[in-house]
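Heads up: the protein sequence lines correspond to chains A and B, in order. For what it's worth, UniProt numbering labels the leading residue of the first sequence as 1, then goes sequentially. For what it's worth, UniProt numbering labels the leading residue of the second sequence as 1, then goes sequentially. Every residue, glycine too, gets a C-beta built ideally from N, C-alpha and C. Given the structure is predicted, the values throughout are model-derived calculations rather than measurements. Report on the structure given below.
Protein chains: 2
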Amino acid sequence: MQVMVEHSGGGSGKVADSLATAIHEHRLSPGMKLNEDEVGEIYGVSRTVVRAALQQLAHERLVELKRNRGAFVAQPSVREAREVFEARALLEPRTARSAAERAKATDIKVLQKHIDAEHAALHAGDTGRALHLSGMFHIEMARIADQTTIADFIAQLVSRSSLIIALYWQRRTALCESHAHDALIKALGRNDPDAAEELMKHHLVDLLTSLDLRDQPSVAKSLKDALK
Amino acid sequence: MQVMVEHSGGGSGKVADSLATAIHEHRLSPGMKLNEDEVGEIYGVSRTVVRAALQQLAHERLVELKRNRGAFVAQPSVREAREVFEARALLEPRTARSAAERAKATDIKVLQKHIDAEHAALHAGDTGRALHLSGMFHIEMARIADQTTIADFIAQLVSRSSLIIALYWQRRTALCESHAHDALIKALGRNDPDAAEELMKHHLVDLLTSLDLRDQPSVAKSLKDALK
DNA sequence: TGCGCCAAATTCGTATACAATCTTGTGGAC
DNA sequence: GTCCACAAGATTGTATACGAATTTGGCGCA
């Protein structure tokens with residue numbers, strides 16, 4: 001059944017990336033089961049590489065591995081949601097500051113392209129892709145700050161935020177706050193660290209307050225929580 | 001060849017933990033090759049579980065996976081070393097503050113036990129184990145702060161710091177700065193967040209300045225770097 | 001003697017096979 | 001009719017087998 005002709009880069013990374021993107025774009029919902037055979041069939045690889053991909057995603061907290069039960073798309077608790085945004089509040093404003101200090105014209109161009117793509121996706125009604133690109137904006141900014149270690153942490157937190165948004169976003173909230181990104185890119189363009197740090201700080205607060213973090217998840221974690 | 005009788009908890013985690021501890025205690029040096037068959041033989045498991053463990057450690061940046069070449073104990077660059085300590089400087093002082101706000105008597109007791117064990121190991125001449133315990137102190141403090149997400153990040157940074165110390169520590173530096181931990185525990189004991197934050201900040205600076213981060217690694221990354 | 005090419009050996013990457021565990025469905029006893 | 005026990009099915013955990021890539025050793029040739 002396997003063809004094993006392609007595979008330019010290492011095998012399992014592709015599967016993990018594809019699954020991660022699907023999660024970011026909310027095409028895989030929190031709690032969904034990821035059957036190893038099924039996933040393997042879809043990508044034309046054996047369970048061995050699927051398992052490797054699932055382990056990687058588990059380390060990034062995008063999927064949860066339950067022993068002898070299988071892999072499930074993670075369902076961050078309210079507690080975890082708060083912690084993720086507290087961590088972002090600790091890391092990202094300072095990172096935005098550094099980015100503003102170092103930003104070159106080419107960096108700004110890349111960021112602008114992300115924003116444009118985000119607007120386009122939003123206009124095309126593809127909110128999933130828009131959200132994914134919105135996250136990419138944050139990651140790209142961390143890259144500009146030239147701190148790969150912190151950038152990796154932020155990338156993981158942004159990933160998890162995508163799940164948190166899928167679970168806790170109250171839909172009545174306005175359009176995807178892309179204005180904040182516009183303002184940030186302007187601050188970076190004129191190399192204004194103070195403004196960038198402050199804007200990021202408030203952007204994160206806005207994001208957090210657009211969530212509904214009352215005690216129970218809006219989508220039940222277990223049937224007991226949902227029905228009893 | 002396998003016995004497969006034991007294995008109470010999941011299989012690969014044990015191997016990963018054992019390897020991680022060996023790295024923390026400097027019994028595995030940066031750059032050392034981790035042959036899959038060899039490791040599997042040692043723990044009495046197949047390459048499958050060894051590979052899972054190595055992947056996990058690679059994600060924690062304790063080992064580096066080179067395609068078709070194998071797994072090696074990671075050798076953080078000077079650049080990476082600086083980044084790790086910048087990240088710690090961003091996360092740990094605030095975490096120490098939170099810990100000081102929440103610390104209960106039982107928490108203090110646990111920390112004190114860590115310090116005592118550290119002193120004992122140091123007295124017994126087992127500097128590797130002392131260093132490992134010294135790292136555990138930081139992780140335990142993050143746990144007290146009750147921020148598991150940030151605690152996970154700190155745990156990884158402490159892990160990587162162990163490798164950095166193995167590579168860049170200038171031996172002439174004084175005894176393992178355990179006085180800093182004593183002062184910190186006192187600040188936590190009297191619930192003094194300001195002092196805890198400040199002490200942690202300076203503790204990290206002291207640690208960083210006890211390293212020799214001039215441009216080339218003190219142990220060469222490749223033979224080319226060492227000899228050419 | 002020194003350089004380059006080819007073959008053997010080693011080691012990793014992936015697929016498959018089998019064992020252990022959990023879930024689900026069925027039948028009998030109360 | 002309900003509950004419990006047990007068996008069948010499904011899914012994960014681990015081991016092994018085989019193919020691919022890299023390294024190493026040796027041979028021939030200049």
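A residue is called buried when at least 16 other Cβ atoms come within 10 angstroms of its Cβ; residue 29 of chain A does not meet this threshold and is exposed.
Within the UniProt domain "HTH gntR-type" (9-76) of chain A, complete beta strand (DSSP E) segments of at least 3 residues are found at 63-66 and 70-73, given in chain order. Non-local beta-carbon contacts of residue 36 of chain B in its own chain, meaning distances under 8 Å to residues more than five positions away in sequence, involve 47, 50, 51, 54, 70 and 71 in chain order. Residue-level contact check: residue 147 of chain B touches chain A, since one or more beta carbons of chain A fall below 7 Å from its beta carbon. Scanning A/182, A/11, A/140 and A/198 for the CA closest to the CA of residue 40 of chain A turns up A/11. Sorting A/192, A/210, A/212 and A/201 by C-alpha distance to the C-alpha of residue 104 of chain A places A/192 at the top. Within the model, the alpha-carbon separation for residue 95 of chain A versus residue 214 of chain B is close to 25 Å. By the criterion of a C-beta distance shorter than 7 Å, residue 158 of chain A is surrounded in its chain by 135, 138 and 139, once the five residues flanking it on both sides are discounted. Residue-level contact check: residue 83 of chain B touches chain A, since one or more beta carbons of chain A fall below 7 Å from its beta carbon. In this structure, residue 164 of chain A sits away from residue 58 of chain A, with a CB-CB distance that is not shorter than 7 Å. Put simply, the CB of residue 164 of chain A is far from chain B, with every gap to its CB atoms at 7 Å or more.
Pairwise C-beta distances place the stretch 146-158 of chain B in contact with the stretch 86-100 of chain B, as three or more of them are shorter than 8 Å. DSSP, read as helix, strand or coil, puts residue 213 of chain A in coil. Chain-ordered, the chain A residues with CB closer than 9 Å to the CB of residue 52 of chain B read 51, 52 and 55.
Close to residue 90 of chain A, with beta-carbon spacing below 8 Å, are these residues of chain B in chain order: 90, 91, 94 and 150. Taking 7 Å as the threshold, the shortest C-beta distance from residue 138 of chain B to chain A does not fall below it. Taking C-beta atoms as the reference points, residue 118 of chain A and residue 99 of chain A fail to come closer than 7 Å.
Residue burial is scored here from C-beta neighbours: residue 170 of chain B has fewer than 16 other C-beta atoms within 10 angstroms and is therefore classed as exposed. Sequence-distant Cβ neighbours of residue 203 of chain A in its own chain, meaning closer than 6 Å and more than five residues away, are 180. When C-alpha distances from residue 126 of chain B are compared across B/18, B/208, B/20 and B/26, the shortest belongs to B/26. Secondary structure note for residue 170 of chain A: it is in no alpha helix (DSSP H), with a DSSP letter that is neither H nor E. Taking C-alpha positions only, residue 75 of chain B is separated from residue 66 of chain B by approximately 13 Å. Cβ contact annotation for residue 20 of chain A (same chain, cutoff 8 Å, sequence separation greater than five): 57, 60, 62 and 159, in chain order. The beta carbon of residue 180 of chain B sits no closer than 7 Å to any beta carbon of chain A.
Look at residue 153 of chain B: its C-beta is under 7 Å from a C-beta on chain A. Not a single C-beta of chain B is nearer than 7 Å to the C-beta of residue 114 of chain A.
The C-beta separation of residue 31 of chain B from residue 73 of chain B comes to about 6 Å, placing the pair in contact by the 8 Å criterion. Boundaries of the alpha helix (DSSP H) around residue 116 of chain A: 105-123. Of the other Cβ atoms in all chains shown, fewer than 16 fall within 10 Å of the Cβ of residue 123 of chain B; this residue is therefore exposed. Using a Cβ-Cβ cut-off of 8 Å, residue 196 of chain B is close to nothing in chain A; its nearest Cβ partner there is about 16 Å away. Residue 121 of chain B and residue 133 of chain B have their C-alpha atoms some 9 Å from each other. Residue nearest to residue 149 of chain A within the set A/83, A/101 and A/91 is A/91 (criterion: CA-CA distance).
Residue 126 of chain A carries a coil assignment under DSSP once its states are collapsed to helix, strand and coil. Residue 87 of chain A has a beta carbon lying within less than 7 Å of a beta carbon in chain B.
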